[in-house]
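This report concerns only the one structure given below.
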Amino acid sequence: MFSESLRKHPTVMFLRRQCTKLFELKNGAGKVCRIEPKTSIIIPTYAIHNDPKYYQDPEIFDPERFSEENIQNRPKYTYLPFGEGPRICLARSSSQQSTPNTLKTHSKHTQDTLKTHSKHHSRHTQDTLQTHSKHTQDTLKTHSKHTQDTERRMFVYSGYLTGTF
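Numbering (the UniProt record's numbering), first residue to last: 1 to 165.
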């Protein structure tokens, strides 16, 4: 899950490197691109991590992408959350070790917070409903009394008009 999370949400969108010696890239058509020394190179990690050529349905979260078999079938340098080679991130191993513990702690804290919030929310909801229910009953009683008074007045008034009073 850790690897798939970093694939979908890399910590950096691109890596910047500087070419140290003349390098030639050849494309499938045989064209050559020469990269001179001291040329800045931008490696778009986010674009690589979301390229359907390397990751089928890249928008879907699928931890199985990082099974041993799938890793072996994927070209090298298509997963670069920490960079690669001599300039790889020094915190790579410590972050891979500490992240599961951090997530466990955060998960427990979140569950405890949700339980506390749920109890408070439940009590608050119950109090609100009781108050609302009482208010509704009082309103209905008042409304009923007003309705009866109004009906009585109308009856008296209509009797007065018709002379049956």
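For each residue, glycine too, the CB sits at the ideal point set by N, CA and C. As the structure is a computational prediction, the values presented were derived from the model and not from experiment.
With 16 other Cβ atoms within 10 Å as the buried cut-off, status of residue i
| i | result |
| --- | --- |
| I71 | exposed |
| P10 | buried |
| F61 | exposed |
| I88 | exposed |
| P81 | buried |
Where residue i sits in the DSSP three-state scheme
| i | result |
| --- | --- |
| Q72 | helix |
| Y160 | Bear in mind that a pLDDT of 47 at Y160, under 50, signals an unreliable position, so the number given afterwards is only what the model happens to contain. The answer is helix: DSSP assigns Y160 an H, G or I state. |
| F165 | The pLDDT assigned to F165 is 41, lower than 50, so where the model puts this residue is not dependable, and the model offers no usable value. |
| K21 | coil |
| K31 | coil |
| S67 | coil |
Whole-angstrom C-beta distance between residue j and residue i, which should lie under 8 Å
| i | j | result |
| --- | --- | --- |
| P63 | E4 | 5 Å |
| I35 | F14 | So it is not a contact: roughly 16 Å between Cβ atoms. |
| Y79 | H49 | 7 Å |
Beta-carbon proximity list for residue i, same chain, < 7 Å, skipping 5 on both sides
| i | result |
| --- | --- |
| P37 | C19, T20, K21 and L22 |
| residue 172 | With the chain running from 1 to 165 in the structure shown, residue 172 is simply not present. |
Top-ranked residue by Cα proximity to residue i, from the options
| i | options | result |
| --- | --- | --- |
| L6 | T45, G85, C33 and K53 | T45 |
| D51 | P75, M1 and K104 | P75 |
| Y54 | P86, A29 and K8 | K8 |
Neighbourhood of residue i by C-beta, 8 Å cutoff - its chain only, sequence neighbours within 5 removed
| i | result |
| --- | --- |
| R16 | S40, I41, I42 and I43 |
Close-in-space but distant-in-sequence residues of the same chain around residue i (CB under 6 Å, 5 per side omitted)
| i | result |
| --- | --- |
| E69 | none |
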